[in-house]
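In what follows, a single structure is set out as structure tokens and then discussed.
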Amino acid sequence: MINRFLWLEHLRSQRSRIVTTILRHMYQSDFHLMDDETHLQATNDANFHLDNLFTSIEIESQALFNAYAQWAAELMTHPNSSFITPTDFFEVVMEVLLQEVDDIHFTTAHYQRIKEIISQGFAHMKSNTGSASAAEAPATPLQDELTRYTRHLLASDRSGAAKLVQQLLQNGVDVKDLYRHLFHPFQIELGRLWQANKINVAQEHFATAATQYIMSLLYDHILSLPKGDKVFLATCVSGELHEMGIRMVCDYLECLHWNTHYLGANMPESAVIQAVMENQPDVIAISCTMMYHIPKASHLIQRLRKADIPIPILVGGYPFNIDPLLWHKTGANGTAGSFDAIYDTIETLTGGEVLEI
Amino acid sequence: MRSENQSGHQWCVFLCDAAFHINHILGLQEISFSLRPGDSMAQIIAPDCLERYFTFIHEAQNKKSVFFHEIPVIDSENKPLLLDFSCICHNDLYLVAGTSREMDLCEELVQINHELTQTLRNRIKTEVPPADYMEQMSGLNNELINMKRELMKKNAAISRLLDQKEALNSQLQELIDTRDLLFSIIAHDLRSPLSSVINLMSLVSIDQGSYEDAMKAGLFRTVQQTTAKTMQFLEDLLQWYRYSQNNDLVQPLQMDAGELANEALSHFKEEADRKQVRLKVFGNDTSVYADRQMIAAALRNLVSNAIKYTESGGSITVEYRGDGQYCQFSVIDTGVGIPAHRLDSLFDIKANKSTPGVSGEQGAGFGLVLTRLMVEKNRGSLKAYSEPGQGTRICLTLPANQDAQT
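Chains H and R supply the protein sequences, listed in that same order.
Taking the UniProt record's numbering, I'd label the letters of the first sequence as residues 1 to 357.
Taking the UniProt record's numbering, I'd label the letters of the second sequence as residues 1 to 406.
And the structure:
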């Protein structure tokens with residue numbers, strides 16, 4: 001992968017200069033009037049856009065770039081946002097990168113590749129204007145409870161939300177169903193609300209932290225359930241901080257008698273490899289939420305294989321749900337987008353019997 | 001106190017007591033108030049905004065510092081002004097500053113207390129944005145929850161290990177108890193007959209001439225029977241040990257139940273005829289899934305016992321019935337019956353004690369214990385029903401096929 005995309009590495013090495021050039025083009029005479037905070041935010045946005053663009057090219061996923069562009073367009077066109085819109089930004093990117101063509105490190109063909117992916121992204125944004133990239137979570141058997149749970153946490157009422165969950169347990173709701181029909185749909189809804197600018201980042205962080213805390217109240221029950229011999233080892237790649245999804249998967253599998261080791265967010269590769277050697281899992285799961293972390297997942301998988309670790313590896317997270325063929329490119333053995341699919345997949349991979357859930 | 005400042009920007013700094021009465025007016029810039037020490041700060045607040053003022057002072061009193069509360073005030077010329085008020089508390093005194101630009105507040109605080117406000121200025125100008133605080137807090141929160149999860153997993157694993165240890169200890173104790181019991185059984189059931197044999201043979205060897213041939217024949221027959229029974233006991237004991245230690249010896253097959261029943265009875269036909277005990281067998285067409293040798297031996301044991309405790313003229317019936325899932329053999333005799341207090345422990349090694357048969361037959365005593373082990377190794381069960389004088393029925397239930405749930 002690295003050999004084929006040396007030109008991307010060249011652009012990345014010039015990124016600081018390219019971003020400055022882009023910002024000068026965008027802000028024109030206002031560039032020198034930008035205060036530190038605005039300059040920092042604009043630079044961060046620019047780097048973020050470029051990371052996603054370059055990664056989309058590197059992993060050859062138009063679908064992911066389209067999804068990213070639409071998401072960014074919705075997020076950054078809200079009245080409260082003063083940040084660069086993707087449309088403006090990528091138009092300037094094309095102008096600036098055209099000047100970078102030198103036919104040695106970065107050729108016309110490479111430029112055309114970038115132009116093509118951006119153009120298709122624009123076309124996708126245009127044809128999807130008005131429809132939100134983040135869909136509402138489908139209705140669940142615990143819809144009323146989900147509504148009340150959401151209301152509690154958006155009103156910062158953590159104890160109310162915890163009491164609701166305890167009540168559900170007392171009423172006989174299975175712990176697995178809490179994950180499937182309450183916690184997971186809540187996180188989807190939270191993401192949708194944040195993207196629609198209906199909640200701020202503080203509310204989002206609080207609600208996520210509160211849900212993590214409430215999930216931890218269930219550990220006494222979940223972790224004391226009888227366990228079989230099979231071990232599921234899960235981690236987020238280095239730099240990846242979004243971990244709710246993979247944590248929920250681990251807790252869910254504990255209810256199905258798998259012994260899970262969850263390493264946590266932002267795990268260095270060497271730590272993951274060491275943990276694999278120590279725990280000898282039956283399945284390894286690698287989670288990525290941000291698109292630009294996918295090359296890290298690929299790299300980790302390569303290192304695991306080079307260390308002669310034949311254990312099946314699954315990859316998962318938002319990008320793999322957007323582009324169903326993406327997992328192939330990472331070198332993984334598969335992916336799964338739902339709790340039940342994950343359970344079926346790992347039982348099949350390990351020659352187990354898939355129990356009726 | 002006054003300070004140089006940019007024109008057009010107003011500020012004021014007061015030192016107040018706990019009730020927010022003015023102790024000192026420390027500085028005013030391009031603003032004047034009709035205030036004297038002792039006056040309440042509320043005097044300069046716009047009348048319709050007193051609630052905001054009270055919120056500000058309550059927060060200051062609770063938290064000891066509060067920043068950037070926008071509160072309209074009225075100056076000495078009755079002009080309304082909007083100032084950002086901040087306040088810090090020290091030793092029950094409140095330093096209150098109001099400014100039309102919060103950054104100027106910091107400049108002025110530098111003037112008042114250079115050391116503290118230099119830090120404040122640096123923090124305000126170069127502070128990590130709030131969003132990053134939240135990221136960091138979220139990260140810490142995640143790590144905490146992860147640690148909790150790992151800790152609880154380890155606790156659960158330790159609990160399971162402790163439970164396993166308890167179970168293993170119980171098993172070990174059971175094995176020790178069984179070993180001790182076996183030794184006591186061996187001591188009784190081996191030593192006694194061997195002692196009898198040794199005594200008899202000593203008598204004969206000392207004075208062979210005193211014994212008539214018939215008497216000698218009787219003695220030798222007794223010796224032969226005793227040693228045979230003792231041998232049987234040893235065989236049973238060894239079988240019991242082998243089966244209890246090794247599950248691989250069980251080799252189940254699908255068999256015809258009737259064939260097994262007939263075989264068990266035919267083994268004892270001669271003995272039954274001698275004792276004038278009738279043997280009967282009947283049942284439906286059913287199969288059984290078990291180890292042939294073991295179940296055949298189990299049935300023989302039960303029939304042998306039945307003969308032992310059935311008087312001349314009585315009968316022994318072996319009945320076999322199946323429903324597709326299970327096959328039940330019943331060995332029914334019209335013998336002396338078993339007292340209630342012995343029924344529950346009939347197959348229990350701990351309560352093992354042989355009783356002589358109705359015709360004086362000597363039992364080795366281990367047969368039923370071995371029978372129970374062989375039945376259980378084949379996923380079966382044993383149950384005895386009896387009353388003294390009413391005969392005995394022993395039911396042996398086994399799976400009829402490999403898939404039968406037991």
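A virtual CB, placed ideally from N, CA and C, is assigned to each residue, including glycine.
Cβ neighbours of A296(R) within its own chain (closer than 8 Å, five residues either side excluded): L260, E263, A264. Under the DSSP assignment, Y94(R) falls in the beta strand (DSSP E) whose first and last residues are 93 to 99.
Per DSSP, reduced to three states, the secondary structure at M255(R) is strand.
V276(H) and L233(H) have their C-alpha atoms roughly 7 Å apart. Positions of the beta strand (DSSP E) runs, each at least 3 residues long and wholly inside the segment 172 to 235 of chain R, cannot be given because no such run exists.
Excluding five sequence positions before and after Q187(H), the CB atoms of its chain that fall closer than 6 Å to its own CB belong to M244, given in chain order. When Cβ-Cβ separations below 8 Å define contact, S224(H) makes contact with chain R. Assignment of P281(H) by DSSP, reduced to helix, strand and coil, places it in the coil class. Using a Cβ distance threshold of 8 Å, A69(H) and H124(H) count as a contacting pair. For I88(R), DSSP records a beta bridge to S65(R), L95(R). Put simply, the CB of H205(H) is near chain R, with a gap under 8 Å to one of its CB atoms.
The residues T317, R393, in chain order, have a CB closer than 6 Å to that of I332(R) in the same chain once the five nearest residues on each side in sequence are set aside. For the segment 134 to 146 of chain R, the residues whose beta carbon sits under 8 Å from a beta carbon of chain H are, in order, M134, E135, M137, S138, G139, N141, N142, E143, I145, N146.
Within the same chain, and ignoring the five residues on either side of S32(R) in sequence, the residues whose Cβ sits closer than 7 Å to its Cβ are D75, S76. In chain H, no part has a C-beta under 9 Å from the C-beta of A340(R); the shortest such distance is about 40 Å. For a Cβ distance threshold of 8 Å, residue set M152 of chain R lies close to D220(H), ordered along the chain. Of the candidates E70(R), F85(R), L93(R), N78(R), N78(R) places its Cα closest to the Cα of S34(R). Neighbours of S216(H) in chain R, taken as residues whose beta carbon is under 8 Å from its own, are I145, K148, R149 in chain order. In this structure, N378(R) sits away from V281(R), with a CB-CB distance that is not shorter than 8 Å. Where F54(H) is concerned, the enclosing alpha helix (DSSP H) starts and stops at 36 to 58. Taken through DSSP and simplified to helix, strand or coil, Y309(R) comes out as coil. Our two residues, S381(R) and L175(R), have alpha carbons roughly 22 Å apart in a direct line. In the structure shown, A265(H) falls within a coil segment according to DSSP collapsed to helix, strand and coil. At the C-beta level, Y243(R) and M374(R) come within 8 Å of one another. Taking a Cβ-Cβ cut-off of 7 Å, the neighbours of A156(R) in chain H comprise L223, S224, given in sequence order. Taking the Cβ atoms as the reference, V175(H) lies roughly 6 Å from I222(H), within the contact range of under 8 Å. Within chain H, no C-beta atom comes nearer than 9 Å to that of S34(R); the closest sits roughly 38 Å away. Here the alpha carbon of G324(R) sits roughly 12 Å from the alpha carbon of D256(R).
When C-beta distances to chain R are compared with 7 Å, the residues of the UniProt domain "B12-binding" (229 to 356) of chain H below that value are L241, E243, Y262, G264, A265, in chain order. L241(H) and T235(H) have their alpha carbons spaced roughly 11 Å apart.
Contact of Y213(H) with chain R is assigned, a C-beta pair being separated by under 8 Å.
Of the candidates R305(H), V93(H), A73(H), L300(H), A73(H) places its Cα closest to the Cα of Q195(H). Distance from the CA atom of I88(R) to the CA atom of Q10(R), rounded to whole angstroms, is 20 Å. No Cβ-Cβ contact shorter than 8 Å links L50(H) with R17(H).
Contact with chain R is absent for A46(H), since none of that chain's Cβ atoms lies less than 8 Å from the residue's Cβ.
One alpha carbon belongs to L178(H), the other to N52(H), and they sit about 34 Å apart.
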